[in-house]
Ligand code: THU
């Protein structure tokens with residue numbers, strides 16, 4: 035099937051749009067459920083259709099069923115039919131206080147690579163105006179993805 039024209043891509047995103055995604059991620063940190071690690075994480079995923087999906091880390095008393103914020107956002111989006119993504123913004127900090135840039139864990143990098151590929155951009159925010167941006171290619175070089183098993 036022909037791929038639909040993207041409404042947004044990481045190249046067409048303006049600084050103001052990135053700022054808004056970072057701000058939304060920071061605002062969403064209150065929804066994290068992290069009673070065990072106390073490390074609260076919030077993610078905001080923007081699809082190429084222009085839709086936004088939020089996610090938070092959700093921990094569990096049995097520990098292993100816990101999920102990270104990025105995968106929470108991705109699973110919400112993919113389960114609603116989204117397949118193409120432009121950017122994901124995230125932030126995190128102990129007790130919800132963001133002091134440093136929060137980088138995606140290794141498992142999340144692999145999960146993001148599945149649909150985002152090497153071009154997906156990851157925004158790691160400290161404040162709406164203080165963030166760093168890296169491509170998945172930088173975060174997961176030589177990533178193993180769908181093309182490897184086709
Ligand atoms: N966490 C995320 O949600 N995303 C990441 O990429 C890093 C780690 C969560 C998992 C766990 O609930 C807490 O942060 C501490 O590791």
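Numbering (the working numbering), first residue to last: 35 to 184.
Just so you know, even glycine gets a beta-carbon here, dropped at the ideal spot from N, CA and C.
No experiment lies behind these values; they were computed from the predicted model shown.
- Ranking 172, 140, 127, 97 by CA distance to the CA of residue 161 puts 127 first.
- Taking 7 angstroms as the cut-off, one finds at least one heavy atom of the ligand THU near enough to the beta carbon of residue 100.
- Contact check for residue 92 against residue 76 fails: the beta carbons are separated by 8 angstroms or more.
- Rounded to the nearest angstrom, the gap between the Cα atoms of residue 133 and residue 159 is 10 angstroms.
- When the five nearest sequence neighbours on each side are left out, no beta carbon in the same chain lies closer than 7 angstroms to the beta carbon of residue 109.
- If you draw a 10 Å sphere on the C-beta of residue 107, you find 16 or more other C-beta atoms in it, and that means buried.
- Note: residue 167 is bridge-paired with 157 in the DSSP secondary-structure output.
- Sequence-distant Cβ neighbours of residue 55 in its own chain, meaning closer than 7 angstroms and more than five residues away, are 78, 80, 121, 123, 157.
- The ligand THU has a heavy atom closer than 7 angstroms to the beta-carbon of residue 71.
- Short note on residue 148: C-beta not closer than 7 angstroms to any heavy atom of the ligand THU.
- In terms of CA proximity to residue 131, 74 leads the group 84, 100, 74, 148.
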